[in-house]
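Data block below; observations after.
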Amino acid sequence: MDNVTIARLLDETAALLEIDAADPFRIRSYRRAAEAVEQQTQQLAEIAQDPKALLAIPGIGKGMAANVRDLVATGSMPLRDELLTKYRPTMLDLLRLPGMGPKTVALLWSALEISDIDALEAAAKAGHLAKLPRFGQKLIDKIAKGIEDYRKNSGRFRIDDADETAARIAALILEFPGIDTVTPAGSLRRGRETVGDLDLLVTGPACEPDIVSAAVEHVAGLPLISQVIAKGQNKVSFLMRNNLQVDVRLLPRATYGAALQYFTGSKMHNVSLRQRAIKQGFTLSEYGLARLDDNAIVAGATEADVYAALGLDYIAPELRENCGEIEAAATYTLPALITRADIRGDVHMHTTATDGADTILAMAEAALARGYGYIAITDHSKNLAMTNGLDDARALEHVRQIRAVDQEMNGRIRVFPGIEVDILLDGSLDLEDSTLAEMDVVVASIHSHFGLPAEQQTERILRALGNPYLRILGHPTGRILLRREPYAFDLDKVLRKASALGVAVEHNASPARADLNDRNLRLAKELGCRISVNTDAHSTDELDKMRFGITQLRRAWLSPSDVLNTLEADAFLAALRPRP
DNA sequence: GCCGTTTTCGGCCCGACTGTTTTCAGTCG
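Going by the numbering used here, the first sequence opens with residue 121, and the numbers climb by one from there.
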């Protein structure tokens, strides 16, 4: 049983406990344990026998360690089995409907034996719901709408899509006079790969409490709104036509920092922070950090003020997942995180020679404009026929053209010849060694042969890693965004061998193609892998996706020294060569 | 169920909005 499954079962148990009206703190401990398990780089199934190893994980104590051992050994655990005799796992679907909480789900079950969405819909249509206490027509309508939306779109939104939507909404909000700042908060600001909804914080002179209502009306009347869900004194929640929910809060400047801190989350980070505040004699809310004895606000204008007043270094939003960042900030041991400015080159991109939209020269100019010192052009090889992949002859001609552009740039930016090769079933690369020898950067892609059994897939990749010309392994970590099924291969084995051979692993910066999550990136670092972050750009615009890749590296606590392409051109090329 | 520079027991974060209510429970973030 892998960590993701263990985490899911613990989380499911938490939800069932909630429906069972159990002690809220006990429920929280299950949720906290689930999150901790999901973040572990080590597979719990492998260390479950070692009692100390499990207890070393924050949030896992004696009871939870026993639960984990049971899950690994039997696939379930006593408490979960007991709850499943009283309730159904499909109730978790009900909890995802807006306005549906544990109390309502419990009521539906005890009164009408409703345990899934189909039954709920049928009961609503048959008029059974109206007989229940607290069920007015409005609530019943809300449930019907919720079911409809759930069926239409129950997924999360990719960070780049959410980012673009946020920018569009922000521009419209900023048209209102007296509004000067719109900041995305929530999981978008923390850089999660996907976001469930959008949190936008707004401030400016028009957001002072006595006059804010006019600005609230402006937001509630934005043209791209499909439906307003809630509207309060300083808050508007609405749905976009694509069903993305947006929460906008309009807040006075004096407490904007506290609000930003609060609404950036994560929830567990905030809980820990507020516990710390109480221990130090403060109470922390979205309105500021206040002294417990006289309610005087001591910090709130900026986030840095709030953290400083609690004796903490400033914590970057990407780190706020309650994974040790507060402890590190308290001891001044947070890492110096990598920034966009640290990246000196992007060495994975395509041109019109295969499936790219722009020429070699256009890509070089665009990279130069973004401040890079070097790029590598890595078009596809022949096995990816649908991309017009290059055979040996065309690949060699392409190298000549790339070198010509390199000359033309006259040292303003270096342009390295490269190729993105395909790995064949027997683990060989699909071009001749003599062709590969002409390339400075050889990226091997592992994204084909989806259907191969995991063991064979792993074997195929491990063999490819032995190719002396291979420089970078692309798509290395076994997870594709928004795809239910992960690639089937042994990630740990692949990373271990890549590390031993000195083959770099690539973190694909483009959210559309990205496959490394922060847990996997941490594992790569722990195993001593060299890591390269590249956009896999298919047009000049896509070079800007680099910032999303950087965000993911920051979430994994990576510093500039952990990443290869923070090096300047010559040093980068030298470092790319496999270890002797 | 977890956790401990006030601890092995007794704590465990905070406020707003909604809908159905005559003072509040439930949900949400």
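Note that beta-carbon positions come from the ideal geometry of N, C-alpha and C, so glycine has one too. Note that the structure is a prediction, hence the values are computed from the model and not measured.
Report task. Tell me whether K223 is buried or exposed, calling it buried when 16 or more other Cβ atoms sit within 10 Å of its Cβ. Result -> K223 is exposed by the Cβ-count criterion.
Requested in this report: Starting from the C-beta of V418, find all residues in its chain whose C-beta is less than 8 Å away, skip the five residues before and the five after it, and write them out in chain order.
Outcome: Closer than 8 Å at Cβ, skipping near neighbours: F402, G408, L409, A410, R411 and A429.
Requested in this report: Could you tell me which residues DSSP puts in a beta bridge with R534?
Outcome: According to DSSP, which records beta bridges pairwise, R534 is partnered with Y494.
**Report entry** Buried or exposed (CB count within 10 angstroms, at least 16 for buried), I289
**Finding:** Buried: at least 16 other Cβ atoms inside 10 Å.
Requested in this report: Specify the secondary structure class of N654 as computed by DSSP and reduced to three states.
Outcome: In this structure, N654 counts as strand in the three-state DSSP scheme.
Report task. State the Cα-Cα distance for the pair R189 and Q169, rounded to the nearest angstrom. Result -> Straight-line measurement puts the Cα of Q169 at about 7 Å from the Cα of R189.
Requested in this report: Using alpha carbons as the reference points, say which of I497, T453 and L693 lies closest to L516.
Outcome: Looking from the CA of L516, the closest CA among I497, T453 and L693 belongs to I497.
Query - DSSP state of V225 mapped onto helix, strand, coil - result: Looking at V225 - three-state DSSP - the assignment turns out to be helix.
Query raised in the report: For P304, which residues does DSSP report across the bridge?
Result: Note: P304 is bridge-paired with L320 in the DSSP secondary-structure output.
Requested in this report: Please name the residue, chosen from V366, A694, P588 and V391, that lies closest to D283 on a Cα-to-Cα basis.
Outcome: Closest option to D283, Cα to Cα, is V366.
Query raised in the report: Measuring CB to CB, does D656 end up less than 7 Å from R633?
Result: Yes, Cβ-Cβ distance for D656 and R633 is below 7 Å.
**Report entry** V562 classed as buried or exposed, judged by whether at least 16 other C-beta atoms fall within 10 angstroms
**Finding:** Counting every other CB atom within 10 Å of its CB across the protein chains shown gives V562 a total of 16 or more, marking it as buried.
**Report entry** Contact the segment 331-345 vs the segment 287-305: 3+ CB pairs below 8 Å
**Finding:** The segment 331-345 is in contact with the segment 287-305.
Query - Which listed residue (F692, A156, A629 and D143) has its alpha carbon closest to that of V535 - result: Here the closest residue by C-alpha is F692.
Query raised in the report: Skipping 5 residues on each side, what residues in its chain have a beta carbon closer than 7 Å to that of T507?
Result: The beta carbon of T507 sits closer than 7 Å to those of T474, D475 and H500, all from its chain and outside the five residues before and after it, given in chain order.
Query raised in the report: Is the number of C-beta pairs between the segment 454-468 and the segment 484-497 that are closer than 8 Å three or more?
Result: Cβ pair count under 8 Å is three or more, so yes.
Query - Terminal residues of the beta strand (DSSP E) in which Q365 lies - result: Q365 to L370 is the extent of the beta strand (DSSP E) around Q365.
Query raised in the report: Quick one, are the C-beta atoms of N685 and S652 less than 7 Å apart?
Result: It is a contact, given that the beta carbons lie within the stated cut-off.
Requested in this report: Give the range of the beta strand (DSSP E) segment to which R411 is assigned.
Outcome: Following the DSSP letters along the chain, one finds R411 inside the beta strand (DSSP E) bounded by residues G408 to R411.
**Report entry** Candidates P304, A291, A350 and P325, of which the one nearest L344 by Cα
**Finding:** Of the residues P304, A291, A350 and P325, the one whose Cα lies closest to the Cα of L344 is A291.
Requested in this report: Only counting runs of 4 or more residues, tell me where the alpha helix (DSSP H) segments fall wholly within the segment 181-263, in order along the chain.
Outcome: Entirely contained in the segment 181-263, the alpha helix (DSSP H) runs reaching 4 residues are, in chain order, 182-194, 198-206, 211-215, 222-232 and 237-246.
Query raised in the report: Hey, out of E313, I267 and V614, whose CA is closest to R276's CA?
Result: Of the listed residues, the one whose Cα sits closest to R276 is E313.
Requested in this report: Use the C-beta contact count for A574: other C-beta atoms within 10 angstroms, 16 or more gives buried, fewer gives exposed.
Outcome: Exposed, because fewer than 16 other Cβ atoms sit within 10 Å of the Cβ of A574.
Report task. Flag this pair as touching only if the segment 432-448 and the segment 614-628 have three or more C-beta atom pairs under 8 Å; answer yes or no. Result -> Judged by Cβ distances under 8 Å, the segment 432-448 makes no contact with the segment 614-628, as fewer than three pairs qualify.
Requested in this report: Below 7 Å CB to CB, which residues in the same chain sit around R396 once its five sequence neighbours on both sides are set aside?
Outcome: The residues are L430 and I446.
Report task. Could you pull the start and end residues of the beta strand (DSSP E) that I417 belongs to? Result -> Unbroken beta strand (DSSP E) run through I417: I417 to A419.
Query raised in the report: Where do the ends of the beta strand (DSSP E) carrying E284 lie?
Result: Residue range I279 to I293 is occupied by the alpha helix (DSSP H) that includes E284, with no beta strand (DSSP E) assigned at that position.
Query raised in the report: Under the DSSP definition of a beta bridge, which residues are partnered with H627?
Result: Within the DSSP bridge table, the entry for H627 names V653 as partners.
Query - Alpha-carbon to alpha-carbon, I260 and V614 - result: If you take the alpha carbons of V614 and I260, they lie about 52 Å apart.
Query raised in the report: Three or more C-beta pairs closer than 8 Å, one from the segment 539-557 and one from the segment 479-490: is that the case here?
Result: Between the segment 539-557 and the segment 479-490 there are fewer than three inter-stretch CB-CB distances shorter than 8 Å, so the stretches are not counted as touching.
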